[in-house]
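Data first, discussion second: the structure below is written as structure tokens.
Residue numbers (our numbering), protein chains in the order written: chain A, 1 to 690; chain B, 1001 to 1103; chain C, 2001 to 2391; chain D, 3001 to 3171.
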């Protein structure tokens, strides 16, 4: 299902809000810079700076959103761009710029709003950390860079912000760098995402070489507008791909790294070593969504050349990768015991959904799930943070239990988040996941992704129920008793819970406002939206699947409170499967014995080559020279020296004479200088007289 | 003799006196004084040329002299600072003894 | 009549000169003015010395000179006779020529400053375009006289006093110049008569003196501080700190030469007060528009004597500073403050009329003052003493 | 050529000669100030009021004092035992004489083409100021930077290596 081309009138005058759109990322970045100048003790200033700047960004984002919204109500599809030349060499310009359209507007609001809530939550969470100034500084920098990714109208600007995002992710995962695990996880995240980024950069360079511009939109001259696209389609690349598809796949590789898709998903669960607000902000709500957003942003490139109802190689790859990731990560999540790790794999899985949605249903389907997911996953992470905080830094779900009495607020919020994630009817996750399933059902290439996603939904319901059963039901199995978190942490939870409940209603089949908004069409309310053939059946199926997952899990785990050391209920049934799942399909180990082992081997080979081959060659040369030298010495002492000594004596005498010129006396130099002046002046006057 | 010739001759004389001092005195400070005298002679030249030149309203010579005065002040400050430091180091300001680079 | 009173000295000069042939008249006029200055200020010196001794005595709760004449009023005459008749001692090892030249040079340079000072309407010796520059050039030259006196005496107290005095005068010359530059910036001229003219008009009966502007007020304070240091007056009188250096650079002077130094110092005080009056206090202009009928020179000398009184008052009130405190104060407080004041004056000039420039300039100056003051208060601890010139 | 010019020229040259010939270095500096003063008066004679006063302010007020400080700090006020002139003073003198000969020759050679009395240029301080911040603003800025650098450099060079915070009394 390919998005119809929107007719956008060339934008001549840019509205004031689009003019100052750069302020949205600039404010948090400036705040980060100012915060970096503060002492570690100045935590209040740092937090105030971060939250203040992000509040302003949110305000501006809301203005931008309202502007786009009012345009939309007036029947205009907004796309306002502001470009400028950054570097100019020869006839080539490197342009940067930003764009305001429905997509960027809605993501801006989402990122700044969720970010703000998480910032506020962090005040409570990081209260006892002595480095919280650094924390807020990094968080602001991250928020600024992420907002920069969102507004970028140039792949280069996008890539710069993308890399800053990667950097801050590294810094924040390794925030507690005293822990070896955190340091290792940060390194892993950085290196793994770098693999994707290299491909991304290759794609950018290729695109630049082909089209001569990196601007996405430039009144018809941008790289993903029709003129460039037709040029790209006409260029064949290898393996029967067009240049458009090949570049699209390269860019997708960047998204794979950032969004934790197979096979580069390994960093995301490890990234949970960072502080929980970081996990919530970066590794659930925003940064990992950057990959999805990137695909949505360059969607015209990905979809270039597709016929109506058809698809392209790039989109097919996106779909398959997404669907596989969705099931794969959900399977792993079933057998994890760390509360944040479960959520991390769940995030990977949901990102797979988004990718699949993008691949099969277009921008609106994927982004809708991105938005709803951002809210309920942030909610879940913050809830998990609240649980961890309340349980005195305990992360193993099997050492918890019965928290619904101790932490009622957290429980309520977490429950809502869990149901939304499962896709429980009428909650936000239900509507967005349904959109993806519907798109999968109608996909023209294959039906397999549809079934995979349904199985994924079942697994999602299963592992979330398992987790909730472990954490909140049964009786307390940990050490020190848990306590409810402060209001500073629960109030953001309540906000997020509200959105997890209600946000889905902007994209129901009866009122597909979200899609209409993104596509720039009018949205009407009609119950008949539900009456499309197969839709009700689909909704029924997914409801049944979800309920099935919940009931299954409840049967296995509900109210049981097994001992933390006892084997898991699933482990009793199928120990081998459990082992595979618990060990994450041994992907890390697989990489360990393949990629890393290869590097190790290669390093050893290089070392050997260095020592034996090159070193040997050099040693041989040295030996040869040594022999030559001995010969020389023989000749020297017996033949040359006699004559040479004589010559040297002469030279010494000459040098001694010459060195008198270099006396080290200032006045001598001055004297010579004056003499030279006299000589020059005399010559000049003499010659002018003649 | 035109007025300008007179000024130029005075300047030349002053310059030569400064040069002679710089070439013959032992003390580094006096060498610096000699150089100051040479600079001043040049200033006199500049002002004289400005006064009797074809375009005094352009102020070129005058400006040159003013800037030269400013630069000379800087030169004196740094030069004397160096002399003081050398004195601290080598306990002499006698140029005849200051012919080694090794301290 | 009012006009005549105001211009009485000018008219007198013209009348006297008119007896001479026309070609001699300009030179004779100048000579006459010089003579007047050279007579008036030493007379004022006598008055000021008496005033100082009596005033200080009042402050210190004693009587002061009261033997010669009624209330000791003829004391200066007695002093003068005494110093002129005392033996003129030159130390044996002293550099006689330099020892002799130093007081002469001091008095000459100090009197040169009056050449450009307008002491009343039309009462200026030479109205130079670069008058202020001449004044400061002469002020700078007097440092050399002080050095000559100290060095030629071949006495360590003299030398130390001279070095202290020169270092102090150089240090405070910078803020002195900078605070004057603010006035020059606003007036747009280095000519002192123009500076007075610029201040000589009134709004609602009140004069437009520069001291009544934020930058002018701050500048005047800086100027007053720098002036006190420049004239080696208490609390900046370290160069002649009796408890440390006997009498500073004129320890080895006696008799007439000592009197010259004494005279030079007081005349320097007069001239620098006169300059301050000209720059900030409206020179010879009246303080209220309804008082403009009073002759201008009366105003000038009233303001001058007021400044002298403040000098005496300060001497009676404040204790002496230490050398490092003095230097720190100059370079770390007065100088930055003067630079900020320059900024304020620049803003004042370019912001145009209106209340806004008052607010902005005042805010800048108060903020700078408060900031630097607080910073100084914070490091209350006194640093290690270090005397550069006593090594 | 007026009598005033000859007097001033004689004063200046005498000051310069004395500055280079006297044995006592403080006397040299005092003679130098005489030369500076003479030059300043020559500037005034050339109707360069501003330059003349600036000359007094900078050279007599600052440079001379600075030299005096340097002399006292290097104990240079005592006359050295082994003569004040360097061993090769004769060569220096000859070279200086040669330079003067060349310069004087050049001046006299060109005397024919030099202009005679010209109108006195009227230059106000205001014009000089306008030129400084107008046409010559770049040199002005550079000189400002140079002076700042020189000041910092002089302070650092003259500072004791082992003194942490220093009170600098000189410009």
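For each residue, glycine too, the CB sits at the ideal point set by N, CA and C.
Cβ separation of residue i and residue j, assumed to be a contact under 8 angstroms, to the nearest whole Å
{"i": "residue 151 (chain A)", "j": "residue 111 (chain A)", "result": "Contact doesn't hold; Cβ gap of about 10 angstroms is too wide."}
{"i": "residue 2202 (chain C)", "j": "residue 2276 (chain C)", "result": "With 8 angstroms as the limit, residue 2202 (chain C) and residue 2276 (chain C) do not qualify as a contact, their Cβ atoms being about 21 angstroms apart."}
{"i": "residue 435 (chain A)", "j": "residue 549 (chain A)", "result": "Not confirmed; about 19 angstroms, so no contact."}
{"i": "residue 1078 (chain B)", "j": "residue 1029 (chain B)", "result": "The pair is not a contact, with the Cβ atoms about 13 angstroms apart (cut-off 8 angstroms)."}
{"i": "residue 123 (chain A)", "j": "residue 47 (chain A)", "result": "5 angstroms"}
{"i": "residue 2042 (chain C)", "j": "residue 2263 (chain C)", "result": "6 angstroms"}
Extent of the continuous alpha helix (DSSP H) to which residue i belongs
{"i": "residue 587 (chain A)", "result": "587-591"}
{"i": "residue 1958 (chain C)", "result": "Residue 1958 (chain C) lies beyond the range of chain C shown here (2001 to 2391); nothing can be said about it."}
{"i": "residue 2052 (chain C)", "result": "2025-2059"}
{"i": "residue 543 (chain A)", "result": "535-557"}
{"i": "residue 296 (chain A)", "result": "287-297"}
{"i": "residue 282 (chain A)", "result": "Unbroken run through residue 282 (chain A): none, as it is neither H nor E."}
{"i": "residue 228 (chain A)", "result": "226-234"}
{"i": "residue 408 (chain A)", "result": "408-422"}
{"i": "residue 2338 (chain C)", "result": "2335-2351"}
{"i": "residue 650 (chain A)", "result": "641-659"}
{"i": "residue 1045 (chain B)", "result": "1028-1052"}
{"i": "residue 3014 (chain D)", "result": "3003-3021"}
{"i": "residue 451 (chain A)", "result": "448-472"}
Outcome for residue i when other beta-carbon atoms lying within 10 angstroms are tallied against a minimum of 16
{"i": "residue 693 (chain A)", "result": "An answer regarding residue 693 (chain A) cannot be provided, because it is not within the stretch 1 to 690 covered by chain A."}
{"i": "residue 3074 (chain D)", "result": "buried"}
{"i": "residue 3167 (chain D)", "result": "Note that residue 3167 (chain D) scores a pLDDT of 44, beneath 50, so its modelled location is shaky; the value from the coordinates is reported in the next line. Buried, by the Cβ-count rule."}
{"i": "residue 3165 (chain D)", "result": "Interpretation of residue 3165 (chain D) is limited by its pLDDT of 46, a score under 50 that renders its predicted location unreliable; the figure taken from the coordinates is listed afterwards. Exposed, because fewer than 16 other Cβ atoms sit within 10 Å of the Cβ of residue 3165 (chain D)."}
{"i": "residue 2039 (chain C)", "result": "exposed"}
{"i": "residue 2007 (chain C)", "result": "buried"}
{"i": "residue 6 (chain A)", "result": "Bear in mind that the predicted position of residue 6 (chain A) carries a pLDDT of just 41, short of 50, making it unreliable; the figure below should be weighed with that in mind. Residue 6 (chain A) is exposed by the Cβ-count criterion."}
{"i": "residue 4 (chain A)", "result": "With a pLDDT of 39 at residue 4 (chain A), under the threshold of 50, the modelled position of that residue is not reliable, and the figure given next carries that caveat. The residue in question, residue 4 (chain A), is exposed, as its Cβ has fewer than 16 Cβ neighbours within 10 Å."}
{"i": "residue 2291 (chain C)", "result": "exposed"}
{"i": "residue 2391 (chain C)", "result": "Note that residue 2391 (chain C) has pLDDT 43, beneath the 50 cutoff, so the model's placement of it is unreliable and the number below is only indicative. It counts as exposed."}
{"i": "residue 2307 (chain C)", "result": "buried"}
{"i": "residue 9 (chain A)", "result": "Because residue 9 (chain A) sits at a pLDDT of 45, beneath the cut-off of 50, its placement in the model cannot be relied upon, and the following sentence gives the value as read from the coordinates. Classification for residue 9 (chain A): exposed."}
{"i": "residue 180 (chain A)", "result": "exposed"}
{"i": "residue 128 (chain A)", "result": "exposed"}
{"i": "residue 583 (chain A)", "result": "exposed"}
{"i": "residue 1017 (chain B)", "result": "buried"}
{"i": "residue 3112 (chain D)", "result": "exposed"}
{"i": "residue 3002 (chain D)", "result": "exposed"}
Enclosing beta strand (DSSP E) for residue i [first to last residue]
{"i": "residue 97 (chain A)", "result": "92-100"}
{"i": "residue 81 (chain A)", "result": "80-89"}
What are the residues in the stretch 639-667 of chain A lying within 9 angstroms of chain D by C-beta distance?
665 and 667
Quick check: the stretch 485-505 of chain A against the stretch 365-378 of chain A, are at least 3 beta-carbon pairs closer than 8 angstroms?
yes
Under 8 angstroms: do the stretch 2249-2260 of chain C and the stretch 2065-2085 of chain C share three or more Cβ pairs, one atom per stretch?
yes
Using a Cβ cut-off of 7 angstroms, which residues of the stretch 2136-2147 of chain C contact any Cβ in chain D, in chain order?
2136, 2137, 2140, 2141, 2143, 2144 and 2147
For the stretch 3113-3139 of chain D, which residues have a beta carbon sitting closer than 8 angstroms to at least one beta carbon of chain C?
3124, 3125 and 3126
Could you name the residues of the stretch 3020-3044 of chain D whose beta carbon sits closer than 9 angstroms to any beta carbon of chain B, in the order they occur along the chain?
3020, 3021, 3025, 3028, 3029, 3032, 3035, 3036, 3039, 3042 and 3043
Near-chain D residues of the stretch 1012-1036 of chain B (beta-carbon distance less than 9 angstroms), N- to C-terminal order
1012, 1013, 1014, 1015, 1016, 1017, 1018, 1019, 1020, 1021, 1022, 1023, 1024, 1025, 1026, 1027, 1028, 1029, 1030, 1032, 1033, 1034 and 1036
Taking contact to mean 3 or more Cβ pairs, one atom from each stretch, closer than 8 angstroms, check whether the stretch 2182-2198 of chain C and the stretch 2279-2298 of chain C are in contact.
yes
Contact list for the stretch 1064-1087 of chain B against chain E, Cβ threshold 8 angstroms:
The question asks about chain E, but that chain is absent: this structure's protein chains are A, B, C and D.
Is the stretch 425-441 of chain A close to the stretch 450-464 of chain A, with three or more CB pairs under 8 angstroms?
yes
Evaluate the contact criterion for the stretch 2051-2065 of chain C versus the stretch 2300-2319 of chain C: three or more CB pairs, one atom per stretch, below 8 angstroms.
yes
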